[in-house]
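Have a look at the structure below, then the notes.
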Amino acid sequence: MPLTAAVRPLTAAVRPHTAASRGARHRAQLGAAEAEVLRIVTDARTPVFVTVRADGRRRYSYWRPLDSTTGRGGCYAALPTAECDALHAAGRITLGEPLADPDRITYRVSATRTPAAPLRALPDRARAA
0 MPLTAAVRPL TAAVRPHTAA SRGARHRAQL GAAEAEVLRI VTDARTPVFV TVRADGRRRY
60 SYWRPLDSTT GRGGCYAALP TAECDALHAA GRITLGEPLA DPDRITYRVS ATRTPAAPLR
120 ALPDRARAA
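In the numbering used here, the protein residues as written are 0 to 128.
Written out as structure tokens, the structure is:
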């Protein structure tokens, strides 16, 4: 299910990710769907969860708030499982503590904090000036 601009919840500016260790890809190298999922997960006002059923099926979802201008929202929205799994495998998102029910386990999904890129030293020519 592609996420379009028409169904995006309002969000605050998101701090850009830097290159991460553990084999994670840089944000510019993410696909459009993966970048959109990461944008939703990094928004602190949008809690994202993954539900793992007893048969192994996973469903990533979040609550889409009601948009008063369009009248849309006020419901749960599913995120594309393949893109979420790719972000999890790359270390860009993590799963929180499990909440177990008899037929499913639910985890809170959050973005990982990537270390900032080291500052490059000024060239000798710039230091001399």
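A virtual CB, placed ideally from N, CA and C, is assigned to each residue, including glycine.
- With respect to the 8 Å criterion, S60 and A76 are classified as neighbours on the basis of their beta carbons.
- Here L37 is buried, its C-beta having at least 16 other C-beta atoms within 10 Å.
- Distances from the alpha-carbon of E96 to those of L29, L78, R107 and G70 put R107 closest.
- Residue state for L37 is assigned as helix, using DSSP reduced to three classes.
- D66 and G72 have their C-alpha atoms roughly 6 Å apart.
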